[in-house]
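One structure is given here, and the rest of the page talks about it.
Residue numbers (the working numbering): 495 to 1112.
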């Protein structure tokens, strides 16, 4: 399921930064050659060795200076141009890394003196490599699961203190190794992910060392160091120091690990960064304590030689209740920060993904409520007087204990639970010769025996297992959410100038609205066709979403048919160029009125087709 969901996703990851302005401006004509190309973004960005590519009017690459921030401003990118630039139109392709670790790219043109008579060729594809992106997303998801398993199991062992901790060794070791391997893979893949290249380029030592200077690379390196430090130093010291030393060391490592996520994702960019990072750390720790603790509880219920006693049950109930409270408070804040307004819950990709996560969380809480019910009955049954019921004898050697699941109340005492019959409620064994299960009066059905502790324990195992399964889905949606452009940033990007695709203003320009009939499935496609004459043509298309913001779609197809001469359809063979779709070798052999057919697919299931008439002249 993990491979199908992650590798099957064809849409590029959304990014947080958006281009606010450029100097020279997109599509501008300048009289004198500029000394620099300067870009200004909506937030701080990281620079790559290949952040700028500039092509001359004759389609040769221009040698540039090393990319740097203009005047030390972290939300800018600048590259020096050489002297002696020729007159004509120049194409600029750029790529930077957003503060939340996602790469973002684009292209535009400017002209020196006068525009070129023929459009320059569009630059090569600078978008994300699909295999690299899929592998990187898989590593991020495994890292989230491993962190929840490692931190949650440690918290369960330290705070709930089950008498038999042998079943907890497996999740601790599995979580540590999985997090170590996933983080190592993310660090190795970071350079290809940032540069949009194949995973094989991870072997480039120069590119790998370059990632260590950026915030995402430093965060991954710090996470690796923390894991190795925990295994080599902190764990042996904590064992010699006793329970309090183990609790203090575990808390310090858990907070530090959570900071490595907060420092490199959405919390580190945008508004209220200190509050957002604090909220992100608390949110991740609460998730780990609840969901990782559930996994530890499930293993304890199934594999512990000694079932957990009521004291362990009560401690986990309190821990789970506190975790859910923290999740609600921090989740509300992070939702407000990412959305900007509640109205975009259904109008943006971020809002719809967040809605899916909230729906899954509701199912998780429902399963937790069922676990609490079985927990209460089990604890009450275990606390019943230890007298022998003559009518329903307990199995020999039956354990007396309890387990817990979900966010239970602060204490079990005083809960409204069904009374469990005991020996005082039935006739004394000396006064009756009844056999358990036989009718008291001939012809009447036998009285069913009351549930035993084993019955409640089996029910609790099933409900906790359901919680863990739903929790895996919640973590998967969370991973998708962290890679989705927040609606607040999307609205800010919509207010920024629209990006211009490579190529001169064409002889034909179209703005085609589309509507696939689903929420968020409405927008426009801007198409430029140059020169719009018989022979070879260039075609560029930019897709805008329902809020007039640049959006990404899995597929865009354009074909041309000349019905009068029975020619076509001729596929334009558009390719994704990292934010826009383009081709430079569309050949239309005859003049006349051609039918342009546009097919846009916004998801695996939803697509729409529109047509326009295009006049092609000699």
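Where a beta carbon is used, it is the ideal one built from N, C-alpha and C, also for glycine.
query	result
Start-to-end residues for the alpha helix (DSSP H) that takes in residue 684	663-689
Residue 1091 - partner residues in DSSP beta bridges	1053, 1105
Nearest to residue 529 (by Cα), restricted to the options 574, 718, 626, 806	574
Length of the line joining the Cα atoms of residue 847 and residue 831	15 Å
Residues near residue 538 by beta carbon distance below 6 Å, same chain, minus five either side	568, 569, 593
Same chain, Cβ closer than 6 Å to residue 1080, neighbours up to 5 away in sequence not counted	1031, 1033, 1066
Residues of its chain near residue 781, where Cβ-Cβ distance is below 7 Å and the 5 sequence neighbours each way are ignored	642, 821
Proximal residues to residue 1039 (C-beta, below 6 Å), its chain only, five neighbours per side dropped	1017, 1045
Start-to-end residues for the alpha helix (DSSP H) that takes in residue 773	767-781
Segment limits, beta strand (DSSP E) that includes residue 1029	1029-1038
Coarse secondary structure for residue 513, derived from DSSP in three states	strand
Exposure of residue 688, with buried meaning 16 or more beta-carbon neighbours within 10 Å	buried
C-alpha gap between residue 864 and residue 791, whole angstroms	15 Å
The stretch 804-815 / the stretch 659-679 touching (three or more Cβ pairs under 8 Å)	no
Given 8 Å, three or more beta-carbon pairs between the stretch 681-696 and the stretch 648-659	no
Pair within 8 Å by beta-carbon distance, residue 674 and residue 721	yes
Closest residue to residue 604 among 664, 657, 679, 525 (Cα-Cα distance)	525
Residue nearest to residue 744 in terms of C-alpha spacing, selected from 644, 828, 799	644
DSSP-derived helix/strand/coil call for residue 702	helix
DSSP three-state assignment for residue 649, whether helix, strand or coil	helix
Opposing strand residues paired with residue 539 [DSSP bridges]	592
Buried versus exposed, by CB contacts within 10 Å (16 or more), residue 1070	buried
Neighbour-count burial assignment, residue 565, 16 or more Cβ in a 10 Å radius	exposed
Residue interval of the beta strand (DSSP E) (run including residue 597)	597-606
Range of the contiguous beta strand (DSSP E) that encloses residue 574	570-574
Start and end residues, beta strand (DSSP E) containing residue 1018	1016-1024
Nearest to residue 657 (by Cα), restricted to the options 577, 1006, 794	794
Continuous alpha helix (DSSP H) stretch holding residue 1080: start and end	It is not in any alpha helix (DSSP H) - residue 1080 instead sits in the beta strand (DSSP E) that spans 1075-1082.
DSSP-derived helix/strand/coil call for residue 558	coil
Residues bridged to residue 584 (per DSSP)	604
Touch test, the stretch 1095-1103 against the stretch 1047-1065, Cβ-Cβ under 8 Å, three pairs minimum	yes
Pairwise C-alpha distance: residue 1100 and residue 858	29 Å
Span of the alpha helix (DSSP H) around residue 803	Counting along the chain, residue 803 falls outside any alpha helix (DSSP H), and DSSP gives it neither H nor E.
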